[in-house]
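Participant: Structure incoming, see below.
There are 2 protein chains.
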Amino acid sequence: MNRLNPHISVDCVIFGFDGRQLKVLLIEREQLSEENKASSSGLLKLPGNLISDTEDLDHSAYRVLKELTGLDNIFLKQFAVFGNPNRLNSSNDLAWLRSTSGLHIERVVTVAYYSLVKINESNPTESLLAKTNWMPVKDLPQLTFDHNLIIAEALEALRKELRTEPIGFELLPKKFSIRQIQSLYEVILGNNLDNRNFRKKVRKLEYFVALPEKEESVNHKPAQLYKFDKKVFTKNRKDAGFVI
Amino acid sequence: MNRLNPHISVDCVIFGFDGRQLKVLLIEREQLSEENKASSSGLLKLPGNLISDTEDLDHSAYRVLKELTGLDNIFLKQFAVFGNPNRLNSSNDLAWLRSTSGLHIERVVTVAYYSLVKINESNPTESLLAKTNWMPVKDLPQLTFDHNLIIAEALEALRKELRTEPIGFELLPKKFSIRQIQSLYEVILGNNLDNRNFRKKVRKLEYFVALPEKEESVNHKPAQLYKFDKKVFTKNRKDAGFVI
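So the sequences go chain by chain: A and B.
Residue 240 in my numbering sits at position 205 of the first sequence, and the numbers go up by one each step.
Residue 220 in my numbering sits at position 185 of the second sequence, and the numbers go up by one each step.
Laid out in structure tokens, this is it:
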């Protein structure tokens with residue numbers, strides 16, 4: 036392991052969907068022996084750490100994520116940098132960072148990434164290390180540092196991405212019902228969508244392919260399953276490369 | 036002036052359009068007396084500098100841009116961070132940075148911003164300081180540090196933004212012809228657009244409002260002038276908040 040750079044860190048917001056809720060992967064911050072337990076409220080944090088001196092930023096993000104959560108081979112997207120000079124103001128946060136890194140730390144600017152993974156599929160979340168927690172984005176406790184803010188901005192970035200990229204499919208199983216994709220879009224966008232309009236819109240799309248299969252083991256009428264055809268999507272949108 | 040932070044900088048990519056070309060605002064890097072003139076090829080750079088220790092990143096970007104170019108009150112958008120450990124590898128670049136800052140510098144991560152301004156309008160480019168240059172994006176020389184890469188990525192970010200946001204209007208006069216806006220889109224997207232389709236598309240848009248005016252003092256048949264109605268655009272797109 037190379038020398039850590041005490042001025043720059045990476046943090047990863049890993050979003051997951053369990054069919055009902057949008058969740059985010061957090062890790063437990065170890066409590067220091069000298070910490071005042073009553074006041075050290077925020078003991079959950081995003082997977083993140085200082086970068087090493089010889090590493091590229093993206094490289095650091097992948098390494099840190101793997102070390103802290105076990106997640107590997109997922110696509111991380113850099114979306115913002117957080118550099119408020121007061122972001123380490125809580126004395127507990129600062130003490131914790133100094134103690135765990137063994138470095139003299141004053142100000143840390145963090146480069147933030149987000150990613151989307153499927154929860155409940157064998158890979159990759161089965162390999163998650165202990166001390167990781169999937170927490171609902173809508174109902175987060177106070178986290179350490181400015182991590183609540185980072186998650187809020189990651190969600191905004193995700194919503195924005197959804198205007199042009201069909202990234203929702205990253206969070207769904209390969210075969211899915213219209214109900215499932217509608218639920219996903221509703222939790223990301225934070226509002227209800229009209230069922231009838233949604234179905235009408237989806238059924239018109241060439242890249243949204245009906246499969247000769249229905250849902251299995253559900254306790255309602257099994258719904259038609261679909262898959263997303265990325266090639267058709269990419270081909271179709273070439274003309275729509277801009278708004279005027 | 037507060038103490039500079041020797042680990043983090045900001046750089047600003049200021050795009051401008053002169054009716055024909057997409058340009059970027061560069062500043063001349065002062066040559067150090069000990070520099071080998073023959074080898075110090077890249078003497079142009081983006082407006083940028085180290086942040087100060089007590090400043091937020093955005094704040095630093097606005098301050099540095101104003102100090103170096105005179106530009107003020109323009110919207111800067113943070114789009115990426117550049118942290119390759121080798122980005123200061125050129126010995127001239129590193130020597131220059133150490134000499135001008137008076138600091139011991141090893142690695143600098145830079146937070147990059149971009150902005151769009153109108154060239155040839157009295158405000159804001161009239162106030163530009165000496166030593167600033169508008170250079171065509173398509174034909175840039177070798178710049179200092181990794182600034183060619185930063186500009187290339189800013190252009191990609193601009194193209195992406197153009198898929199969902201009508202930002203092109205920031206680069207045009209308030210009243211413009213269809214020919215002007217088509218030229219602008221062509222230089223940003225880097226390809227020719229079909230005239231007939233473009234006109235047809237534009238004329239269908241409710242937020243693209245024909246004015247009771249034509250071009251003046253042009254040496255071709257004066258074209259109809261239009262304006263962009265942002266309110267109508269914002270209202271119309273509410274429904275189209277995502278792709279599925």
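Ideal placement from N, C-alpha and C gives every residue a C-beta, glycine not left out.
Just to confirm, are residue 112(B) and residue 182(B) a CB contact at a threshold of 7 Å?
Facilitator: In the second sequence, the residue the question calls residue 112(B) occupies position 77. In the second sequence, the residue the question calls residue 182(B) occupies position 147. Contact: no.
Participant: Cα separation between residue 220(B) and residue 186(B)?
Facilitator: The count along the second sequence starts at 1 and reaches residue 220(B) at position 185. The count along the second sequence starts at 1 and reaches residue 186(B) at position 151. Approximately 18 Å, taken between the alpha carbons.
Participant: Specify the secondary structure class of residue 139(A) as computed by DSSP and reduced to three states.
Facilitator: Start at 1 with the first residue of the first sequence, and residue 139(A) comes out as number 104. Three-state DSSP puts residue 139(A) in coil, outside helix and strand.
Participant: Going by DSSP, name the residue or residues bridged to residue 202(A).
Facilitator: As a working note, residue 202(A) is residue 167 in the first sequence. Note: residue 202(A) sits in no beta bridge, so no partner.
Participant: Have a look at residue 184(B) and residue 267(B) and give me their C-alpha separation to the nearest angstrom.
Facilitator: In the second sequence, the residue the question calls residue 184(B) occupies position 149. In the second sequence, the residue the question calls residue 267(B) occupies position 232. Distance between the alpha carbons of residue 184(B) and residue 267(B) is about 37 Å.
Participant: Quick one: which chain B residues come within Cβ less than 8 Å of residue 146(A)?
Facilitator: What you label residue 146(A) is simply residue 111 of the first sequence in a count that begins at 1. Under the 8 Å cutoff, chain B gives 116, 118 and 144.
Participant: Looking at the structure shown, is residue 59(B) part of a helix, part of a strand, or coil, going by DSSP?
Facilitator: Residue mapping note: residue 59(B) aligns to position 24 of the second sequence, counting from 1. In the structure shown, residue 59(B) sits in a strand (DSSP, three-state: E or B).
Participant: Tell me residue 49(A)'s beta-bridge partners as DSSP assigns them.
Facilitator: By one-based count along the first sequence, residue 49(A) stands at place 14. Assignment of beta-bridge partners to residue 49(A) by DSSP yields 150(A).
Participant: Do you know how far the Cα of residue 146(B) is from the Cα of residue 137(B)?
Facilitator: Mapped onto the second sequence, residue 137(B) falls at position 102. Mapped onto the second sequence, residue 146(B) falls at position 111. Looking at the two C-alpha atoms, the distance is approximately 21 Å.
Participant: Would you kindly check if the distance between the Cβ of residue 100(B) and the Cβ of residue 290(B) is under 7 Å?
Facilitator: For chain B, the structure presents residues 36 to 279; residue 290(B) sits outside this window and is missing.
Participant: Measuring CA to CA, which of 78(A), 54(A) and 44(A) is closest to residue 217(A)?
Facilitator: For the purposes of this step, residue 217(A) is identified with residue 182 of the first sequence, where counting begins at 1. If we check each option's Cα against that of residue 217(A), 54(A) comes out closest.
Participant: What residue from 134(B), 78(B), 130(B) and 149(B) has the CA that sits closest to residue 97(B)'s CA?
Facilitator: Within the second sequence, the letter at position 62 stands for residue 97(B). Nearest option by C-alpha distance: 149(B).
Participant: Mind checking if residue 92(B) is an interface residue toward chain A, Cβ cutoff 7 Å exclusive?
Facilitator: For the purposes of this step, residue 92(B) is identified with residue 57 of the second sequence, where counting begins at 1. Yes, because at least one Cβ of chain A sits closer than 7 Å to the Cβ of residue 92(B).
Participant: Name the DSSP beta bridge partners of residue 96(A), please?
Facilitator: The sequence position of residue 96(A) within the first sequence is 61, counting from 1. Note: residue 96(A) sits in no beta bridge, so no partner.
Participant: Please identify, using Cβ separations under 7 Å, the residues of the stretch 167-194 of chain A that lie next to chain B, in order along the chain.
Facilitator: none
Participant: Starting from the C-beta of residue 249(B), find all residues in its chain whose C-beta is less than 8 Å away, skip the five residues before and the five after it, and write them out in chain order.
Facilitator: Stepping through the second sequence from its first residue, residue 249(B) is reached at position 214. Excluding residues within five positions, the ones whose Cβ falls inside 8 Å are 257, 258, 259 and 260.
Participant: Under 8 Å by Cβ, that's how I've got residue 45(B) and residue 43(A) pegged, so tell me the actual separation to the nearest angstrom.
Facilitator: Here residue 45(B) refers to the residue found at position 10 when the second sequence is read from its first residue. Here residue 43(A) refers to the residue found at position 8 when the first sequence is read from its first residue. Not a contact, Cβ separation roughly 14 Å.
Participant: For residue 234(A), count neighbouring C-beta atoms within 10 Å of its own C-beta (all shown protein chains included) and say buried if the count is 16 or more, exposed if not.
Facilitator: Along the first sequence, one-based indexing puts residue 234(A) at 199. Exposed, by the Cβ-count rule.
Participant: Label residue 153(B) either buried or exposed according to how many other C-beta atoms from any shown protein chain fall within 10 Å of its C-beta, with 16 as the threshold for buried.
Facilitator: Position 118 of the second sequence, counted from the first residue, corresponds to residue 153(B). Buried: at least 16 other Cβ atoms inside 10 Å.
Participant: Let's test the definition: count the other Cβ atoms within 10 Å of the Cβ of residue 61(B) and tell me whether it reaches 16, buried, or not, exposed.
Facilitator: For the purposes of this step, residue 61(B) is taken as the residue at position 26 of the second sequence. Buried is the call here.
Participant: Who pairs with residue 171(B) in a beta bridge, going by DSSP?
Facilitator: Translated into positions along the second sequence, residue 171(B) becomes position 136. According to DSSP, which records beta bridges pairwise, residue 171(B) is partnered with 58(B).
Participant: Could you confirm whether any beta carbon from chain A is found closer than 7 Å to the beta carbon of residue 89(B)?
Facilitator: For the purposes of this step, residue 89(B) is taken as the residue at position 54 of the second sequence. Yes, its Cβ sits closer than 7 Å to a Cβ of chain A.
Participant: Find the residues of chain B that neighbour residue 113(A), judging by a C-beta separation of less than 9 Å, and give them in chain order.
Facilitator: In the first sequence, the residue the question calls residue 113(A) occupies position 78. Simply 115 and 116.
Participant: Does the Cβ-Cβ distance between residue 87(B) and residue 39(B) come in under 7 Å?
Facilitator: Along the second sequence, one-based indexing puts residue 87(B) at 52. Along the second sequence, one-based indexing puts residue 39(B) at 4. Closer than 7 Å, so yes.
Participant: Kindly indicate if chain B contains any beta-carbon less than 7 Å away from that of residue 269(A).
Facilitator: Looking up residue 269(A) in the first sequence gives position 234. No, no contact with chain B.
Participant: Compare the C-beta of residue 43(A) against all C-beta atoms of chain B and say whether one is closer than 7 Å.
Facilitator: Taking the first residue of the first sequence as position 1, residue 43(A) is located at position 8. Output row for residue 43(A): interface = yes.
Participant: Does any residue of chain B have a CB that is nearer than 7 Å to the CB of residue 198(A)?
Facilitator: Position 163 of the first sequence, counted from the start, is the residue given in the question as residue 198(A). So, interface residue.
Participant: How is residue 270(A) classed by DSSP in three states: helix, strand or coil?
Facilitator: The sequence position of residue 270(A) within the first sequence is 235, counting from 1. Reduced to three states, the DSSP call for residue 270(A) is helix.
Participant: How big is the Cα-Cα spacing for residue 174(B) and residue 59(B)?
Facilitator: By one-based count along the second sequence, residue 174(B) stands at place 139. By one-based count along the second sequence, residue 59(B) stands at place 24. Roughly 10 Å separates the two Cα atoms.
Participant: Looking only at C-alpha atoms, which of 241(B), 253(B), 251(B) and 246(B) sits nearest to residue 269(B)?
Facilitator: Against the second sequence, residue 269(B) aligns to sequence position 234. The shortest C-alpha separation from residue 269(B) is found at 241(B).
Participant: Can you give, in chain order, each stretch of the alpha helix (DSSP H) that sits fully within the stretch 202-271 of chain B and has at least 4 residues?
Facilitator: 213-224, 230-239 and 265-271
Participant: Considering just the uninterrupted stretch of the beta strand (DSSP E) at residue 115(B), what are its terminal residues?
Facilitator: The count along the second sequence starts at 1 and reaches residue 115(B) at position 80. Segment 112-117, the beta strand (DSSP E) holding residue 115(B).
Participant: Do you know how far the Cα of residue 85(B) is from the Cα of residue 47(A)?
Facilitator: As a position in the first sequence, residue 47(A) is number 12, starting the count at 1. As a position in the second sequence, residue 85(B) is number 50, starting the count at 1. CA-CA distance, residue 47(A) to residue 85(B), rounds to 25 Å.
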